[in-house]
Amino acid sequence: MSAHDLPLLEVRDLAKSYGGLQALKPTGFELWPGEVLAIVGESGSGKTTLLSCLAGHVPADGGSVRFRLREGTGVDLLQMAEAERRLLARTEFGFVHQNPRDGLRLNISAGGNIGERLMAAGWRHFGRIRGEALAWLDRVEIDRSRIDDLPRGFSGGMQQRLQIARNLVTRPRLVLMDEPTGGLDVSVQARLLDLLRRLVAELDLAVVIVTHDLAVARLLSHRMLVMRQGQVVEQGLTDRVLDDPQHPYSQLLVSSILAA
Amino acid sequence: MQPSLIAEGIGKTFTLHLQGGVRLPVLAGLGFAVRPGECVVLEGPSGVGKSTVLRAIYGSYGVDRGRILIRHDGAMIDLATAAPRQILAVRRRTLGYVSQFLRVVPRVPTVEVVAEPLLATGCAREPALERARSLLARLRLPERLWDVPPATFSGGEQQRVNLARAFVHPYPVLLLDEPTASLDAKNRAIVVELVRERLAEGAAMLAILHDRQARDAIATRMVELAGVDRAT
Numbered sequence: 000m001s002a003h004d005l006p007l008l009e010v011r012d013l014a015k016s017y018g019g020l021q022a023l024k025p026t027g028f029e030l031w032p033g034e035v036l037a038i039v040g041e042s043g044s045g046k047t048t049l050l051s052c053l054a055g056h057v058p059a060d061g062g063s064v065r066f067r068l069r070e071g072t073g074v075d076l077l078q079m080a081e082a083e084r085r086l087l088a089r090t091e092f093g094f095v096h097q098n099p100r101d102g103l104r105l106n107i108s109a110g111g112n113i114g115e116r117l118m119a120a121g122w123r124h125f126g127r128i129r130g131e132a133l134a135w136l137d138r139v140e141i142d143r144s145r146i147d148d149l150p151r152g153f154s155g156g157m158q159q160r161l162q163i164a165r166n167l168v169t170r171p172r173l174v175l176m177d178e179p180t181g182g183l184d185v186s187v188q189a190r191l192l193d194l195l196r197r198l199v200a201e202l203d204l205a206v207v208i209v210t211h212d213l214a215v216a217r218l219l220s221h222r223m224l225v226m227r228q229g230q231v232v233e234q235g236l237t238d239r240v241l242d243d244p245q246h247p248y249s250q251l252l253v254s255s256i257l258a259a
Numbered sequence: 000m001q002p003s004l005i006a007e008g009i010g011k012t013f014t015l016h017l018q019g020g021v022r023l024p025v026l027a028g029l030g031f032a033v034r035p036g037e038c039v040v041l042e043g044p045s046g047v048g049k050s051t052v053l054r055a056i057y058g059s060y061g062v063d064r065g066r067i068l069i070r071h072d073g074a075m076i077d078l079a080t081a082a083p084r085q086i087l088a089v090r091r092r093t094l095g096y097v098s099q100f101l102r103v104v105p106r107v108p109t110v111e112v113v114a115e116p117l118l119a120t121g122c123a124r125e126p127a128l129e130r131a132r133s134l135l136a137r138l139r140l141p142e143r144l145w146d147v148p149p150a151t152f153s154g155g156e157q158q159r160v161n162l163a164r165a166f167v168h169p170y171p172v173l174l175l176d177e178p179t180a181s182l183d184a185k186n187r188a189i190v191v192e193l194v195r196e197r198l199a200e201g202a203a204m205l206a207i208l209h210d211r212q213a214r215d216a217i218a219t220r221m222v223e224l225a226g227v228d229r230a231t
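Structure representation (structure tokens):
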């Protein structure tokens with residue numbers, strides 16, 4: 000049995016309440032390497048809470064998140080000690096924020112932003128770190144001459160591509176994305192979509208992407224979860240959920256898209 | 000020869016929750032089989048559900064009843080109940096689809112759009128692009144368009160991109176939804192030739208084809224779709 004036959008991530012009964020509000024009712028799904036899962040729904044549907052619990056940004060109230068390590072054993076991310084979890088996060092996970100300024104360090108250079116992740120993962124040789132940073136600038140289509148510039152002066156699209164490079168340079172196996180194309184102009188979005196699609200395929204990434212943009216979900220994801228009021232109301236193949244939605248809320252969501 | 004694709008008693012009713020739960024039955028107990036080398040053409044008036052059949056087989060629509068068996072990696076899989084991952088694997092290696100719409104990431108060059116299904120099967124980049132170029136050439140898409148995204152192409156040009164995507168990998172089963180609708184006689188003849196080659200190699204095809212000349216040239220059998228009585 001190859002690694003592809005086993006899920007990378009198994010989420011069971013993951014739940015979160017804020018005070019009396021059940022922001023995320025017990026939710027489960029599986030994710031395989033090379034697979035992009037889109038989580039869609041309106042504001043307040045619980046999709047960002049779900050992502051935050053997966054990322055460990057907020058503590059979940061219950062459930063389990065089993066992650067399969069490279070050697071094959073599974074660990075429950077919710078049961079791990081914080082230090083151990085952080086170590087794993089540095090090498091195995093990526094998190095792409097909607098606002099690149101939340102995921103970048105604006106006061107260090109573009110090359111530094113990429114190199115920092117490598118140093119955190121144990122790289123020490125300056126020349127190799129710089130070489131890898133240059134290779135990643137190429138990959139995300141940022142001119143090499145910008146390596147020593149501060150990302151503060153970059154356009155929104157460039158900042159987002161730099162954030163992606165910073166996340167992927169350590170070859171994580173799981174990447175969580177929160178509305179990665181959200182704040183960008185449409186023309187910039189298209190380029191980013193193409194880039195993301197290529198990188199996902201080349202690096203065999205597993206991706207959970209939260210988006211309210213169904214067109215982005217259609218082009219980028221293989222499977223989709225539709226969330227409403229803290230729970231998954233429908234899930235399945237992306238094109239089936241969009242072309243043949245079963246739940247009344249999914250039908251409303253799909254029928255509300257403006258066709259260009 | 001054992002069939003590559005078998006539909007058994009497939010039924011499909013759309014329930015429109017936003018229209019007060021109106022139920023629209025489209026398919027009721029449809030069955031047929033397609034063997035290697037066959038091109039089965041679905042017949043019936045507009046609205047009878049021909050495209051629904053193709054979408055149900057491809058998995059873009061679910062079905063309420065019946066089985067959709069496809070030969071994938073030597074075994075029969077029931078697509079009506081298969082997990083999304085299995086359906087994706089079947090689409091990658093076994094089941095191709097020429098739809099009437101071209102849905103691709105904006106701003107991606109045509110040659111890459113065409114090479115993508117090959118890359119998804121693990122083919123290396125250069126041979127995949129080479130194969131994509133040779134198909135685009137064969138389908139007579141002007142070379143100056145190969146590095147341009149297809150968004151601004153004419154209907155006939157987009158259709159040829161769709162065809163190239165479906166013929167770039169030797170899918171054992173192909174679904175064709177009006178593959179020649181926007182093509183002139185010369186391009187239609189090329190598509191007919193491509194289809195015949197694939198059939199000779201043992202592909203099984205299921206098609207919707209109103210174009211009489213193309214149908215006469217490639218159909219090996221017709222399956223009549225009976226309308227579902229909407230009153231029930």
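Chains A and B, in that order, give the protein sequences.
Numbering-wise (numbering that gives the first Met the number 0), the first sequence opens with residue 0 and increments by one.
Numbering-wise (numbering that gives the first Met the number 0), the second sequence opens with residue 0 and increments by one.
Beta carbons are placed, not taken as given, at the ideal position from N, Cα and C, and that holds for glycine.
- Of all alpha-carbon atoms in B:76, B:25, B:43, B:73, the one lying nearest the alpha-carbon of residue 54 of chain B is that of B:25.
- For residue 187 of chain A, no beta strand (DSSP E) encloses it; the enclosing alpha helix (DSSP H) starts and ends at 185–202.
- Not a single C-beta of chain B is nearer than 8 Å to the C-beta of residue 228 of chain A.
- One finds 104, 105, 106 in chain B with Cβ atoms closer than 7 Å to the Cβ of residue 189 of chain A, taken in chain order.
- Put simply, the CB of residue 238 of chain A is near chain B, with a gap under 8 Å to one of its CB atoms.
- Here the stretch 117–132 of chain A does not lie against the stretch 66–74 of chain A, with fewer than 3 beta-carbon pairs under 8 Å apart.
- The beta carbons of residue 223 of chain A and residue 216 of chain A sit about 6 Å from each other, so the pair counts as a contact at 8 Å.
- Against residue 61 of chain B, the close residues of chain A are 239, 243, in the order they occur along the chain (beta-carbon pairs closer than 7 Å).
- Closest by C-alpha distance to residue 163 of chain B, out of B:180, B:172, B:139, is B:139.
- Counting along the chain, the unbroken alpha helix (DSSP H) around residue 56 of chain B starts and ends at 49–57.
- In the displayed model, residue 88 of chain B falls within a helix according to three-state DSSP.
- Beta-bridge annotation (DSSP): residue 63 of chain A is paired with A:11.
- From the beta-carbon of residue 218 of chain A, the residues of chain B found nearer than 7 Å are 104.
- For the C-beta of residue 168 of chain B, not a single chain A residue is nearer than 7 Å; the gap to the nearest is close to 15 Å.
- Under a criterion of Cβ atoms nearer than 7 Å, the residues of chain B adjacent to residue 222 of chain A are, in order, 83.
- When 9 Å is used as the limit between beta carbons, residue 201 of chain B is near no residue of chain A, the shortest such separation being about 28 Å.
- Pairwise C-beta distances place the stretch 192–205 of chain A in contact with the stretch 166–182 of chain A, as three or more of them are shorter than 8 Å.
- DSSP places residue 144 of chain A in the helix class (H, G or I) of the three-state scheme.
- The continuous stretches of beta strand (DSSP E) do not include residue 4 of chain A, and DSSP gives it neither H nor E.
- According to DSSP, residue pairing for residue 92 of chain A in a beta bridge involves A:173.
- Between residue 25 of chain A and the set A:7, A:8, A:63, A:54, the nearest pair of CA atoms involves A:63.
- DSSP assignment within the stretch 172–217 of chain B yields the following whole alpha helix (DSSP H) runs of 4 residues or more, N-terminal first: 184–199, 211–217.
- Residue state for residue 34 of chain A is assigned as coil, using DSSP reduced to three classes.
- Residues of the stretch 156–184 of chain A with a C-beta atom less than 7 Å from some C-beta of chain B do not occur.
- Per DSSP, the unbroken beta strand (DSSP E) holding residue 38 of chain B starts and ends at 38–42.
- Residue range 125–138 is occupied by the alpha helix (DSSP H) that includes residue 126 of chain A, with no beta strand (DSSP E) assigned at that position.
- With distances taken between CA atoms, residue 219 of chain A lies nearest to A:38 out of A:12, A:38, A:29, A:159.
- Cα atoms of residue 102 of chain A and residue 94 of chain A: separation of roughly 8 Å, rounded to the nearest angstrom.
- Residue 12 of chain A and residue 208 of chain A have their C-alpha atoms spaced approximately 19 Å apart.
- In summary, residue 44 of chain B is exposed, with fewer than 16 beta-carbon neighbours lying within 10 Å of its beta-carbon over all protein chains present.
- For residue 23 of chain B, the uninterrupted beta strand (DSSP E) run begins and ends at 21–33, by DSSP.
- By the Cβ-count criterion, residue 126 of chain B is exposed, with fewer than 16 other Cβ atoms from all chains shown falling within 10 Å of its own Cβ.
- Beta-bridge partners of residue 17 of chain A (DSSP): A:20.
- Shown in chain order are the members of the stretch 2–16 of chain B whose Cβ falls below 8 Å from a Cβ of chain A: 13, 14, 15, 16.
- Selection A:29, A:8, A:42, A:32 evaluated against residue 228 of chain A yields A:42 as nearest (Cα-Cα).
- Excluding residues up to 5 positions away in sequence, 41, 43, 207, 224 lie with their Cβ nearer than 7 Å to the Cβ of residue 49 of chain B in the same chain.
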